[in-house]
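Visitor: Protein sequences appear in the order of chains A and B. Read in our numbering, the first sequence has 329 at position 321, and its numbers run on one by one without any break. Read in our numbering, the second sequence has 175 at position 147, and its numbers run on one by one without any break. We put the beta carbon where it would ideally sit given N, CA and C, even for glycine. None of these values were measured; they are calculated from a predicted model. A single structure is presented below for examination.
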Amino acid sequence: MSAATDERIQTRSRLRSAMIRPELGAVCGAILVFVFFFAIARDSGMFNLQGTMNWTVVSAQFAIIAVGACLLMIAGEFDLSVGSMIGFSGIVIAILSVQWGWPVWAAILAAFAVAIAIGALNGFLVIRTGLPSFIVTLAFLYILRGLTIWLSILTTRQTIIGGVAPLAEGDWLAWLFGGKLFGGLFVWMAENDWIATYTRGARTGQPIVDGIPMVIMWALALIVFAHILLTRTRFGNWIYASGGDAQAARYVGVPVNRVKILMFMFTAFCATVFATCQVMEFGSAAADRGLLKEFEAIICVVIGGALLTGGYGTIVGAALGALIFGVVQQGLFFAQAESSLFRVFLGTILILAVIFNTYIRRMITGER
Amino acid sequence: MSLPIETVPLIEMKDIAKHFGPVIALNGVSFDVRSGECHCLLGDNGAGKSTFIKTMAGVHKPTRGEMKVSGEPVVFANPRDAMAAGIATVYQDLAMIPLMSVTRNFWMGREPVRRVGPFKFIDFKEANRVTMEKMRQMGISLREPEQAVGTLSGGERQTVAIARAVHFGAKVLILDEPTSALGVRQTANVLSTIDKVRKSGIGVVFITHNVRHALAVGDRFTVLNRGKTLGTAARGQIKAEELQDLMAGGQEMAELEGSLGGTV
Chain A
9 MSAATDERIQ
19 TRSRLRSAMI
29 RPELGAVCGA
39 ILVFVFFFAI
49 ARDSGMFNLQ
59 GTMNWTVVSA
69 QFAIIAVGAC
79 LLMIAGEFDL
89 SVGSMIGFSG
99 IVIAILSVQW
109 GWPVWAAILA
119 AFAVAIAIGA
129 LNGFLVIRTG
139 LPSFIVTLAF
149 LYILRGLTIW
159 LSILTTRQTI
169 IGGVAPLAEG
179 DWLAWLFGGK
189 LFGGLFVWMA
199 ENDWIATYTR
209 GARTGQPIVD
219 GIPMVIMWAL
229 ALIVFAHILL
239 TRTRFGNWIY
249 ASGGDAQAAR
259 YVGVPVNRVK
269 ILMFMFTAFC
279 ATVFATCQVM
289 EFGSAAADRG
299 LLKEFEAIIC
309 VVIGGALLTG
319 GYGTIVGAAL
329 GALIFGVVQQ
339 GLFFAQAESS
349 LFRVFLGTIL
359 ILAVIFNTYI
369 RRMITGER
Chain B
29 MSLPIETVPL
39 IEMKDIAKHF
49 GPVIALNGVS
59 FDVRSGECHC
69 LLGDNGAGKS
79 TFIKTMAGVH
89 KPTRGEMKVS
99 GEPVVFANPR
109 DAMAAGIATV
119 YQDLAMIPLM
129 SVTRNFWMGR
139 EPVRRVGPFK
149 FIDFKEANRV
159 TMEKMRQMGI
169 SLREPEQAVG
179 TLSGGERQTV
189 AIARAVHFGA
199 KVLILDEPTS
209 ALGVRQTANV
219 LSTIDKVRKS
229 GIGVVFITHN
239 VRHALAVGDR
249 FTVLNRGKTL
259 GTAARGQIKA
269 EELQDLMAGG
279 QEMAELEGSL
289 GGTV
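Dropping the structure here:
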């Protein structure tokens with residue numbers, strides 16, 4: 009058998025090999041969604057600067073939690089406590105800063121430390137007990153949500169804690185989550201009449217969109233970081249291996265337990281980034297924040313072509329899943345459709361994407 | 029007076045016993061492998077083959093007995109110790125991760141890295157080149173090193189796993205039933221791979237319950253039955269029927285064969 013030519017290996021065109029990728033379903037989905045909304049909501053302002061900024065921010069929020077969920081899912085585990093973690097981290101920041109008088113940066117750092125420790129506990133319990141992460145994190149979904157409401161009522165007798173905004177003013181770390189970038193650029197564009205400005209009220213002449221919110225920068229940074237980690241580094245290979253077949257990975261010396269626990273911690277980190285951005289945006293924390301976010305994150309990841317049982321998926325796919333999610337949610341609002349239709353639409357996309365992704369995955373991996 | 033290097037076995041197991049609570053899985057098994065030979069370990073299901081190779085690979089600690097690597101007594105605390113001593117095991121089902129590419133599987137756990145400033149990235153150029161080269165040496169032509177292992181046949185997967193073990197410096201290669209789930213052609217490929225590996229000076233431990241596969245490549249044959257060795261024979265000293273009888277425990281097998289009217 010000659011090495012150079014084997015008659016049983018079909019030659020494949022470059023186009024085909026470029027097309028058949030795990031993200032293909034998400035790419036097609038994103039194109040379809042944009043075409044659809046361009047057709048029905050073009051005149052609603054969805055695609056002007058303000059409208060674009062609106063759905064980009066929502067997509068960025070989804071992307072932040074989807075990145076964490078994606079790495080964890082590829083490592084072969086779930087985290088259903090993401091939504092509760094968002095509520096919990098937010099309340100921790102508000103209680104520490106507003107009630108206890110800590111500087112906002114210290115409150116944010118403390119929230120990150122607590123959240124990451126809980127993530128580590130999640131991972132430790134999953135590894136030690138050998139129970140499915142579905143069960144362990146489902147327990148934390150309830151534990152954290154309960155603690156959040158209890159702590160909030162215990163300290164303030166209500167479930168919403170406001171008053172973070174004035175404290176965050178001028179705080180360096182708070183700016184990193186609630187600030188805006190390139191303000192000068194937008195003012196300059198407004199002065200040149202390239203972008204819309206306020207025509208009435210106190211802010212007349214100022215641009216309506218006055219900068220790129222930090223939540224978008226966080227989403228981009230996390231996407232780039234996770235993508236490089238997963239595709240280019242040894243640790244990334246270990247993430248795939250841990251989810252693909254933990255026992256086979258252990259046989260060749262991959263530290264599977266460490267990889268999985270670190271991914272639970274990273275998911276908690278992402279949830280806290282989401283929570284902090286939200287607290288800084290609203291100037292308040294509420295005990296019911298982040299409801300259902302764990303499922304929305306998983307939906308983004310699955311639309312993006314990841315395999316629910318681990319070992320397969322890409323960050324680019326998850327990011328596109330988040331984009332689809334954000335555009336659909338805000339697009340139906342722009343199209344003035346009944347808002348309850350959002351879920352119908354989303355469920356349909358989910359089913360279609362997963363059927364399509366399964367077909368593509370079988371082509372790539374030779375599963376039968 | 030020390031023995032010449034060639035005659036010192038790469039690994040020697042003497043009178044190994046392993047008890048799991050009240051169950052005696054192994055009861056005095058002796059076995060050794062020399063450089064450049066293929067030593068077949070035959071036995072029916074439940075004979076203790078798996079327990080024995082897992083002891084050799086550091087997964088189990090023997091209850092009794094002595095292990096020597098290149099003449100030096102050793103105790104393996106875990107599989108990593110065994111791997112460090114040059115003993116590599118290719119397990120039947122757990123060799124490869126089908127969802128991952130051939131290159132990612134080949135280097136799993138030992139990825140080559142390239143420094144860029146403070147960061148370390150996998151050197152995919154080098155990794156792909158070496159993978160393709162090693163596969164070619166084993167007679168497998170890949171379409172591309174990025175193709176998923178799932179697209180390979182069972183025999184090719186075994187070969188990738190063997191090539192990986194050899195590349196990472198295995199002195200003793202333990203193959204756990206590498207041919208049991210394969211077709212005729214695939215089996216022939218794996219057996220020829222075993223032959224190549226042996227010729228490069230590695231000691232191969234080939235576990236099987238198929239006498240014909242064993243006779244095709246084996247230099248020596250050891251039969252396990254009910255946790256005991258029934259002796260070791262060299263190539264040419266023993267016939268297929270005798271091996272078959274030893275594996276099944278003689279008498280019963282002869283009766284079965286009679287009723288089936290031929291060799292099983």
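Do Cys285 of chain A and Trp226 of chain A have their CB atoms nearer than 8 Å?
Guide: Taking the first sequence and counting its residues from 1, one reaches residue 285 of chain A at position 277. Taking the first sequence and counting its residues from 1, one reaches residue 226 of chain A at position 218. A contact, by the Cβ cut-off of 8 Å.
Visitor: What in chain A is Cβ-close to Phe149 of chain B, meaning under 7 Å?
Guide: Taking the second sequence and counting its residues from 1, one reaches residue 149 of chain B at position 121. Residues of chain A passing the Cβ test: Arg240 and Thr241.
Visitor: Whole angstroms are fine: how far does the CA of Ile168 of chain B sit from the CA of Lys2 of chain B?
Guide: The structure shown does not extend to residue 2 of chain B, since chain B is modelled only from 29 through 292, so no value can be given for it.
Visitor: Once you ignore the five residues that flank Ala176 of chain B on each side, which residues in its own chain have a CB closer than 7 Å to its CB?
Guide: Here residue 176 of chain B is taken as the residue at index 148 of the second sequence, counted from 1. Result list for Ala176 of chain B: Pro126, Leu127, Met128 and Ser129, in chain order.
Visitor: Give a yes or no on whether 8 Å exceeds the smallest Cβ distance from Val130 of chain B to chain A.
Guide: The count along the second sequence starts at 1 and reaches residue 130 of chain B at position 102. By this cut-off, Val130 of chain B is not an interface position.
Visitor: Let me see if you follow: with CB-CB separation under 8 Å, is Gly137 of chain B close to chain A or not?
Guide: Residue numbering aside, residue 137 of chain B sits at position 109 when the second sequence is read from its first letter. Yes, Gly137 of chain B counts as interfacial toward chain A.
Visitor: Output, in chain order, the set of chain B residues within a Cβ distance shorter than 7 Å of Val260 of chain A.
Guide: Within the first sequence, numbered from 1, the residue matching residue 260 of chain A stands at position 252. Chain B residues near Val260 of chain A: Met136 and Gly137.
Visitor: Tell me which residues share the same chain as Ala314 of chain A and place their Cβ nearer than 8 Å to its Cβ, disregarding the 5 neighbours each side in the sequence.
Guide: One-based indexing of the first sequence puts residue 314 of chain A at position 306. Once the five neighbours on either side are set aside, the close Cβ partners of Ala314 of chain A are Pro30, Cys78, Met81, Ile82, Tyr320, Gly321, Thr322, Gly325 and Ala326.
Visitor: If contact is defined by three or more beta carbon pairs under 8 Å, each pair taking one atom from either stretch, is the segment 220–228 of chain B in contact with the segment 136–147 of chain B?
Guide: As far as the Cβ criterion goes, the segment 136–147 of chain B does not touch the segment 220–228 of chain B, which means the pair count is below three.
Visitor: Determine the chain B residues that contact Tyr367 of chain A at a beta-carbon separation under 9 Å, and present them in chain order.
Guide: For the purposes of this step, residue 367 of chain A is identified with residue 359 of the first sequence, where counting begins at 1. The contacting residues do not exist; Tyr367 of chain A stays about 15 Å from chain B at best.
Visitor: Compute the Euclidean distance between the alpha carbons of Ala209 of chain B and Gly182 of chain B, then round it to the nearest angstrom.
Guide: Here residue 209 of chain B refers to the residue found at position 181 of the second sequence. Here residue 182 of chain B refers to the residue found at position 154 of the second sequence. Approximately 8 Å, taken between the alpha carbons.
Visitor: If you follow the beta strand (DSSP E) that Arg242 of chain A is in, where does it begin and where does it stop?
Guide: Reading the first sequence from its first residue, position 234 is the one you call residue 242 of chain A. No beta strand (DSSP E) contains Arg242 of chain A, which is instead part of the alpha helix (DSSP H) from Arg242 to Gly252.
Visitor: Per DSSP, what kind of secondary structure is Thr280 of chain A in: helix, strand or coil?
Guide: The residue labelled residue 280 of chain A in the question sits at position 272 within the first sequence. Here Thr280 of chain A sits in helix by DSSP.
Visitor: Which whole-angstrom value is the C-beta distance of Ile94 of chain A and Arg351 of chain A, which I expect to be below 8 Å?
Guide: Position 86 of the first sequence, counting from 1, holds the residue named residue 94 of chain A. Position 343 of the first sequence, counting from 1, holds the residue named residue 351 of chain A. The Cβ separation is near 20 Å, so there is no contact.
Visitor: DSSP three-state call for Leu99 of chain B: helix, strand or coil?
Guide: Residue mapping note: residue 99 of chain B aligns to position 71 of the second sequence, counting from 1. The sequence given here has Gly at residue 99 of chain B, not Leu. Coil at Gly99 of chain B, not helix or strand.
Visitor: As a quick exercise: from B:Leu201, B:Ala53 and B:Gly197, pick the residue whose alpha carbon is nearest that of Arg254 of chain B.
Guide: As a first step, residue 254 of chain B is located in the second sequence; it is residue number 226 there, counting from the start. Closest option to Arg254 of chain B, Cα to Cα, is B:Ala53.
Visitor: Between the segment 335–346 of chain A and the segment 91–109 of chain A, do three or more beta carbon pairs fall short of 8 Å?
Guide: Too few Cβ pairs lie closer than 8 Å, so no.
Visitor: If you run the structure through DSSP and keep just helix, strand and coil, what is Thr366 of chain A?
Guide: Reading the first sequence from its first residue, position 358 is the one you call residue 366 of chain A. Looking at Thr366 of chain A - three-state DSSP - the assignment turns out to be helix.
Visitor: Can you tell me the Cα-Cα spacing of Phe364 of chain A and Ala71 of chain A, whole angstroms?
Guide: Taking the first sequence and counting its residues from 1, the one referred to as residue 364 of chain A is at position 356. Taking the first sequence and counting its residues from 1, the one referred to as residue 71 of chain A is at position 63. Rounded to the nearest angstrom, the two C-alpha atoms are 21 Å apart.
Visitor: Any chance the segment 108–124 of chain B sits against the segment 190–205 of chain B, with 3 or more Cβ pairs inside 8 Å?
Guide: Segments in contact, yes.
Visitor: Give the interface partners of Met95 of chain B over in chain A, defined as CB-CB distance under 7 Å, in chain order.
Guide: On the second sequence, residue 95 of chain B is found 67 positions in, with the first residue counted as 1. Those within 7 Å of Met95 of chain B in chain A number zero; the least Cβ separation is about 20 Å.
Visitor: Under a three-way DSSP split, which group does Ala11 of chain A fall into?
Guide: One-based indexing of the first sequence puts residue 11 of chain A at position 3. Note that Ala11 of chain A scores a pLDDT of 41, beneath 50, so its modelled location is shaky; the value from the coordinates is reported in the next line. Looking at Ala11 of chain A - three-state DSSP - the assignment turns out to be coil, as it is neither helix nor strand.
Visitor: Buried or exposed: Ser348 of chain A, going by 16 or more other Cβ atoms within 10 Å of its Cβ?
Guide: As a first step, residue 348 of chain A must be located in the first sequence, where it is residue number 340. Exposed, by the Cβ-count rule.
Visitor: Quick one: which residues of the segment 97–114 of chain B get their C-beta closer than 9 Å to a C-beta of chain A? List them in chain order.
Guide: Against chain A - using a Cβ distance shorter than 9 Å - the residues of the segment 97–114 of chain B are Pro107, Arg108 and Met111.
Visitor: Residues in its own chain within less than 8 Å of Glu375 of chain A by CB, not counting five upstream and five downstream?
Guide: Reading the first sequence from its first residue, position 367 is the one you call residue 375 of chain A. Arg369, listed in sequence order.
Visitor: Hey, does Ile372 of chain A have any beta-carbon neighbour from chain B nearer than 8 Å?
Guide: In the first sequence, residue 372 of chain A corresponds to position 364, counting from 1. Interface residue, yes.
Visitor: Does any C-beta atom of chain A lie closer than 8 Å to the C-beta of Glu219 of chain B?
Guide: Taking the second sequence and counting its residues from 1, one reaches residue 219 of chain B at position 191. A small correction: the amino acid at residue 219 of chain B is Leu; Glu does not occupy that position in the sequence shown. Taking Cβ atoms only, chain A never reaches closer than 8 Å to Leu219 of chain B, which makes this a no.
Visitor: Can you say whether Arg132 of chain B is buried or exposed, counting buried as having 16 or more other CB atoms within 10 angstroms of its CB?
Guide: Position 104 of the second sequence, counted from the start, is the residue given in the question as residue 132 of chain B. Burial call: buried.
Visitor: Should Ala121 of chain A and Ser97 of chain A be called a contact, given that it needs their Cβ atoms to be closer than 8 Å?
Guide: Here the question's residue 121 of chain A lines up with position 113 in the first sequence. Here the question's residue 97 of chain A lines up with position 89 in the first sequence. Not a contact, by the Cβ cut-off of 8 Å.
Visitor: List the whole-angstrom C-beta distance separating Gly76 of chain B from Leu252 of chain B, where the pair is believed to meet the contact cut-off of C-beta under 8 Å.
Guide: Position 48 of the second sequence holds residue 76 of chain B. Position 224 of the second sequence holds residue 252 of chain B. That belief holds up - the Cβ atoms of Gly76 of chain B and Leu252 of chain B are roughly 5 Å apart, short of 8 Å.
Visitor: Report the neighbours of Ala176 of chain B on chain A: residues whose CB is nearer than 7 Å to its CB, in chain order.
Guide: Position 148 of the second sequence, counted from the start, is the residue given in the question as residue 176 of chain B. Those are Ile372, Thr373 and Gly374, listed as they occur along chain A.
Visitor: Pick out the complete alpha helix (DSSP H) segments inside the segment 315–343 of chain A, 4 residues or longer, and give them in chain order.
Guide: Fully enclosed alpha helix (DSSP H) runs of 4 or longer: 323–342.
Visitor: Is Ala249 of chain A close to chain B, meaning its C-beta is less than 8 Å from at least one C-beta of that chain?
Guide: Taking the first residue of the first sequence as 1, we reach residue 249 of chain A at position 241. Ala249 of chain A counts as touching chain B.
Visitor: With a cut-off of 8 Å, do at least 3 Cβ pairs link the segment 46–53 of chain A to the segment 326–336 of chain A?
Guide: Contact between the segment 46–53 of chain A and the segment 326–336 of chain A is absent, because fewer than three Cβ pairs lie under 8 Å.
Visitor: In its own chain, which residues sit with a C-beta less than 7 Å from the C-beta of Phe190 of chain A, not counting the 5 before and 5 after it?
Guide: Locating residue 190 of chain A in the first sequence gives position 182, where the first residue counts as 1. Contacts found: Gly219 and Ile220.
Visitor: For the alpha helix (DSSP H) that contains Lys162 of chain B, what are its first and last residues?
Guide: Within the second sequence, numbered from 1, the residue matching residue 162 of chain B stands at position 134. Residues Phe152 to Gln165.
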